[in-house]
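A.B. asks: Sequence order for the protein chains is A and B.
Residue numbering for the first sequence follows the working numbering, starting at 852 and increasing by one per position.
Residue numbering for the second sequence follows the working numbering, starting at 3 and increasing by one per position.
The structure follows.
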Amino acid sequence: MTFEILDKMKKIFADYFDDDNLNITRDTNANDIEDWDSIAQVGLILSIEKIFSIQFSSGEVENLQNIGEMVDLISAKTNK
Amino acid sequence: MQKQTNNKIISDIWKTNFEEKFERFFTVDDIKNFSNLSKDKSPIHINHSLALKRNFNNIVVHGCLINSGFSYLIGMKIPGESALLLEINTKFHNPLYPNEKVIFKAKIDSVHDSVSCIKLKLLASKDTGMKVCSGNATVKVFI
Chain A
852 MTFEILDKMK
862 KIFADYFDDD
872 NLNITRDTNA
882 NDIEDWDSIA
892 QVGLILSIEK
902 IFSIQFSSGE
912 VENLQNIGEM
922 VDLISAKTNK
Chain B
3 MQKQTNNKII
13 SDIWKTNFEE
23 KFERFFTVDD
33 IKNFSNLSKD
43 KSPIHINHSL
53 ALKRNFNNIV
63 VHGCLINSGF
73 SYLIGMKIPG
83 ESALLLEINT
93 KFHNPLYPNE
103 KVIFKAKIDS
113 VHDSVSCIKL
123 KLLASKDTGM
133 KVCSGNATVK
143 VFI
């Protein structure tokens, strides 16, 4: 399940940053992608909510450290 | 992921389907002023006879000047002074001419507490119902 989510996340990031060569792993965080600023953060979260048909609460995405933690959060929300 | 600092919830204030609208018209002077400001002096905006030659009924209001109506709605009404416009996409369907009344509407399509944003559907139409411009916007809301 989490592999499928990570694959979708790779597509979301490639589309958002218009870069098919981004190396997206569970460990990737905002420091690894130059254009991943606060505006991009908003766009990425909105894309993720749309693609996975979920809505995060205000606190859920605040303290995520990397994409792996986001994948786990999506997995938990989509398994409910 | 990056940290966010705003813990307040915008969905307590802003609800899906909430709508604001206003109407106005753009004068020839508005078009001239915008031509000078933007430096877009394409003849269809300033040259009446050329506009007619291209099968328009008059000079045409700049698309980006029409978009200024959405700027007003977002910055002053929905959500108003707490707005930070992050993204706007608009499509133009029919030409708007000077002194034609145009009705601008912005409607909340979705509310996202996760990033304190609302998504808006945008529509500008003439009072005949003819669609002039439609689109969407993503707006950060500071509360």
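All C-beta atoms in this analysis are idealised placements derived from N, C-alpha and C, irrespective of residue type, glycine included.
Keep in mind that this is a model prediction, so the values were computed, not measured.
Measuring alpha carbon to alpha carbon, tell me which residue in B:Pro100, B:Ser127 and B:Leu125 is nearest Phe58 (chain B).
C.D. replies: B:Pro100
A.B. asks: Could you tell me if His47 (chain B) is buried or exposed, where buried requires 16 or more neighbouring beta carbons within 10 angstroms of its beta carbon?
C.D. replies: Note on His47 (chain B): 16 or more other CB atoms within 10 angstroms of its CB, so buried under the neighbour-count rule.
A.B. asks: Taking C-beta pairs closer than 8 Å, name the residues in chain A that Lys142 (chain B) reaches, listed in chain order.
C.D. replies: Val893
A.B. asks: Apart from the five residues on each side of it in sequence, which residues of its chain come closer than 8 Å, Cβ to Cβ, to Lys23 (chain B)?
C.D. replies: Leu75, Ile105, Phe106, Lys107 and Ala108
A.B. asks: Please list, in chain order, the residues of the region 890-921 of chain A that have any C-beta partner in chain B closer than 8 Å.
C.D. replies: Correct list: Ile890, Gln892, Val893, Gly894, Ile896, Leu897, Glu900, Gln906, Phe907, Ser908, Ser909, Gly910, Glu911, Val912, Glu913, Asn914, Leu915, Gln916, Asn917, Ile918, Glu920 and Met921.
A.B. asks: Among B:Ile110, B:Glu102, B:Cys119 and B:His95, whose alpha-carbon lies nearest the alpha-carbon of Lys133 (chain B)?
C.D. replies: B:His95
A.B. asks: With a threshold of 8 Å between beta carbons, is Leu87 (chain B) in contact with chain A?
C.D. replies: no
A.B. asks: Closer than 7 Å, Cβ to any Cβ of chain A: which residues of the region 92-111 of chain B, in chain order?
C.D. replies: none
A.B. asks: Looking at C-alpha atoms only, which residue of B:Ile61, B:His114 and B:Glu25 is the closest neighbour of Ala126 (chain B)?
C.D. replies: Here the closest residue by C-alpha is B:Glu25.
A.B. asks: Looking at the unbroken alpha helix (DSSP H) that takes in Asn38 (chain B), where does it start and where does it end?
C.D. replies: Asn38 (chain B) -> alpha helix (DSSP H) spans Val30 to Ser40.
A.B. asks: Taking 8 Å as the CB-CB cut-off, is Asn115 (chain B) touching chain A?
C.D. replies: Here residue 115 (chain B) is Asp; the residue named in the question, Asn, does not match the sequence. Yes, because at least one Cβ of chain A sits closer than 8 Å to the Cβ of Asp115 (chain B).
A.B. asks: Does the CB of Cys135 (chain B) have a neighbour CB from chain A at under 8 Å?
C.D. replies: no
A.B. asks: With a 10 Å radius around its C-beta and 16 neighbouring C-beta atoms as the bar for buried, classify Asp115 (chain B) as buried or exposed.
C.D. replies: By the Cβ-count criterion, Asp115 (chain B) is buried, with 16 or more other Cβ atoms from all chains shown falling within 10 Å of its own Cβ.
A.B. asks: Can you list, in chain order, the residues of its chain with a C-beta nearer than 8 Å to that of Ile863 (chain A)? Leave out the 5 residues immediately preceding and following it.
C.D. replies: Excluding residues within five positions, the ones whose Cβ falls inside 8 Å are Leu895, Ser898, Ile899 and Ile902.
A.B. asks: Might you give, ordered along the chain, the residues of its own chain that have their beta carbon closer than 7 Å to the beta carbon of Trp16 (chain B), omitting 5 neighbours on each side?
C.D. replies: Pro81, Ile110, Val113, Ile120 and Val143
A.B. asks: Name the chain A residues whose beta carbon is nearer than 7 Å to that of Ile11 (chain B)?
C.D. replies: For Ile11 (chain B), the chain A residues whose Cβ falls inside 7 Å of its Cβ are Ser909, in order along the chain.
A.B. asks: With a threshold of 7 Å on Cβ separation, who are the neighbours of Ala865 (chain A) within its own chain once the five nearest residues in sequence on each side are excluded?
C.D. replies: Contacts found: Asp871 and Leu873.
A.B. asks: The alpha helix (DSSP H) spanning His50 (chain B) covers which residue range?
C.D. replies: His50 to Lys55
A.B. asks: What residue from A:Asn917, A:Thr929 and A:Glu911 has the CA that sits closest to Thr879 (chain A)'s CA?
C.D. replies: The residue among A:Asn917, A:Thr929 and A:Glu911 with its C-alpha nearest the C-alpha of Thr879 (chain A) is A:Asn917.
A.B. asks: How should Met78 (chain B) be labelled, buried or exposed, when 16 other C-beta atoms within 10 angstroms of its C-beta is the threshold for buried?
C.D. replies: exposed
A.B. asks: Taking just the CA atoms, how far does Trp887 (chain A) sit from Thr7 (chain B)?
C.D. replies: Caution applies to Thr7 (chain B), whose pLDDT of 48 falls short of 50 and renders its modelled position unreliable; the model cannot decide the point.
A.B. asks: By the DSSP assignment, the beta strand (DSSP E) with Thr140 (chain B) in it spans what residues?
C.D. replies: Thr140 (chain B) -> beta strand (DSSP E) spans Lys133 to Val143.
A.B. asks: Going by DSSP, what residue range makes up the beta strand (DSSP E) through Asp115 (chain B)?
C.D. replies: Counting along the chain, Asp115 (chain B) falls outside any beta strand (DSSP E), and DSSP gives it neither H nor E.
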